[in-house]
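Peer 1:
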Amino acid sequence: MSDHHEGPDAAHRRPPGMTDATVEALGALSKALETTERARGHLYAFHQLTGGADFELDRAAGLMHEAGHPQWAERIRHEITGRNVIPGHWTFQIVEAYDATYYEPFKATEREARRELADGRDHLFEAELKEKRRTGGHPDHTARPDATPQD
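FYI, numbering that gives the first Met the number 0 numbers position 82 of the sequence shown as 81, with every residue one higher than the one before it.
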């Protein structure tokens with residue numbers, strides 16, 4: 000078995016002197032950022048779904064008018080179409096505020112912590128977890144993409 004392809008690649012090995020506690024702490028910080036990435040995706044879904052609904056209101060108002068309910072068509076156009084979702088904000092403004100106020104500072108902090116504490120290396124916790132959980136020699140449990148099953 001060649002050590003050249005055994006274990007994580009250099010980018011996923013902890014730097015000399017790095018403690019288990021630091022690996023675990025950076026893993027938790029990374030997991031929190033990944034959760035924030037998912038939340039941000041839901042925020043974009045909210046943005047797109049709300050925008051889609053706003054455009055569908057044009058169709059609804061038109062159909063109300065054609066169905067003989069011009070007062071409802073006008074009410075929809077006047078009261079709902081183009082309305083702020085919270086005072087002073089359309090959804091794009093919420094996304095922009097979230098990015099500037101929370102998401103970008105979070106990403107920067109996580110990146111700076113990795114740079115200072117782990118020489119910029121990412122996913123050290125997961126790489127070590129993979130080593131603990133994989134079966135050596137199994138063709139579908141290779142250490143790295145460039146490894147072969149006999150490694």
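Where is the CB? At the ideal position from N, CA and C, for every residue including glycine. This structure is a prediction, so every number in the text was calculated from the model and none was measured.
Roughly how many angstroms lie between the CA atoms of Ile75 and Gly40, to the nearest whole one?
Peer 2: Each residue's Cα considered, the two are about 29 Å apart.
Peer 1: Along the chain, where does the alpha helix (DSSP H) containing Pro69 start, and where does it finish?
Peer 2: First-last of the alpha helix (DSSP H) with Pro69: Pro69 to Arg74.
Peer 1: Is His137 helix, strand or coil when you go by DSSP?
Peer 2: Coil.
Peer 1: Run through DSSP, which three-state label would His64 get?
Peer 2: Helix at His64.
Peer 1: Please report how far the alpha carbon of Arg12 lies from the alpha carbon of Val94, in whole angstroms.
Peer 2: Going by the C-alpha atoms only, they are around 36 Å apart.
Peer 1: If you reduce the DSSP assignment to three classes, tell me which class His88 lands in.
Peer 2: Reduced to three states, the DSSP call for His88 is strand.
Peer 1: Output needed for Phe124: all residues of its chain with C-beta closer than 6 Å, excluding positions within five of it in sequence on either side, in chain order.
Peer 2: Same-chain partners within the cutoff: Val22 and Gly26.
Peer 1: Is the beta carbon of Phe105 sitting closer than 8 Å to the one on Thr35?
Peer 2: In contact: Phe105 and Thr35 (Cβ atoms closer than 8 Å).
Peer 1: CA-CA distance, Gly81 and Ala31?
Peer 2: Gly81 and Ala31: Cα-Cα distance of roughly 35 Å.
Peer 1: Give me the Cα-Cα distance between Gln70 and Gly51, rounded to the nearest whole angstrom.
Peer 2: Cα to Cα, the separation comes out at about 23 Å.
Peer 1: CA-CA distance, Glu111 and Asp118?
Peer 2: Their Cα atoms are separated by approximately 10 Å.
Peer 1: Rounded to the nearest angstrom, what separates Ile79 and Tyr102 at their Cα positions?
Peer 2: In a straight line, the C-alpha of Ile79 is about 30 Å away from that of Tyr102.
Peer 1: How many whole angstroms separate the CB atoms of Glu130 and Pro14, which I take to be in contact at a CB cut-off of 8 Å?
Peer 2: In fact, because the Cβ distance is near 16 Å, the residues do not count as touching under 8 Å.
Peer 1: Alpha carbon to alpha carbon, how far is Arg132 from Glu115?
Peer 2: Their Cα atoms are separated by approximately 28 Å.
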